[in-house]
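If you're matching positions, the sequence shown starts at 1 in UniProt numbering and goes up one per residue.
We put the beta carbon where it would ideally sit given N, CA and C, even for glycine.
The structure presented is a predicted model; accordingly, all values stated were derived computationally and were not measured.
What follows is a set of notes on a single structure, which appears directly below.
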Amino acid sequence: QRLKAAVHYTVGCLCQEVEEDKDVQFSKQSIAAISEITFRQCVSAGKNAEGCFLILCRHAKRTTVNTEDVKLLARRSSSLLRYITQKSEELASSNMEQKEKKKKKSSTAKGGRTPGEQEAAVTENEDSNMS
1 QRLKAAVHYT VGCLCQEVEE DKDVQFSKQS IAAISEITFR QCVSAGKNAE
51 GCFLILCRHA KRTTVNTEDV KLLARRSSSL LRYITQKSEE LASSNMEQKE
101 KKKKKSSTAK GGRTPGEQEA AVTENEDSNM S
């Protein structure tokens, strides 16, 4: 119900923008009808996508949907594919940063030195050997 209300609200806002731009009026009934059609279309698309994901996973003998599956289904909409690809790259970059932070944190916690500390220690050791 909350999702349906959110769709109705968004459709109402969009209709209001169109009213201002095009100097037309939308009745409450027409806004409700557009909202209902939009909601049903989204539900239908969601069910269709779910079925497609299941077929792709079965075909690939997997049980998990991955980003490549999502990109494959979005390939017909170039703007959607660009958006999904961009978000996928952002997530991958963020995940790599998190892994690096975790790796540094675990090596420091184990008493190990960070690469910068190791280099400083080697330089210090070389200096003391030269004396």
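Let me confirm a value: SER35 is counted as buried when at least 16 other C-beta atoms fall within 10 Å, else exposed. Which label applies? So SER35 ends up on the buried side.
In terms of residues, what are the limits of the alpha helix (DSSP H) holding GLN41? Unbroken alpha helix (DSSP H) run through GLN41: 28 to 59.
Under a three-way DSSP split, which group does VAL70 fall into? In this structure, VAL70 counts as helix in the three-state DSSP scheme.
Would you kindly check if the distance between the Cβ of LYS4 and the Cβ of PHE39 is under 8 Å? The criterion of a C-beta distance shorter than 8 Å is satisfied by PHE39 and LYS4.
Exposed unless 16 or more other CB atoms sit within 10 angstroms - verdict on ASP23: Classification for ASP23: exposed.
Report the rounded CA-to-CA distance for GLY12 versus ALA74, giving the unit in angstroms. If you take the alpha carbons of GLY12 and ALA74, they lie about 27 Å apart.
Need the endpoints of the alpha helix (DSSP H) that THR10 sits in, please. THR10 -> alpha helix (DSSP H) spans 2 to 22.
Mind reading off the beta-carbon distance from ILE37 to CYS15? Whole number of angstroms is fine, and I expect it under 8 Å. For a cut-off of 8 Å, the C-beta gap from ILE37 to CYS15 is around 13 Å, too long to register as a contact.
Contacts around SER93, its chain only, beta-carbon distance under 8 Å, and the 5 residues preceding and following it disregarded: Excluding positions up to five away in sequence, the list is empty.
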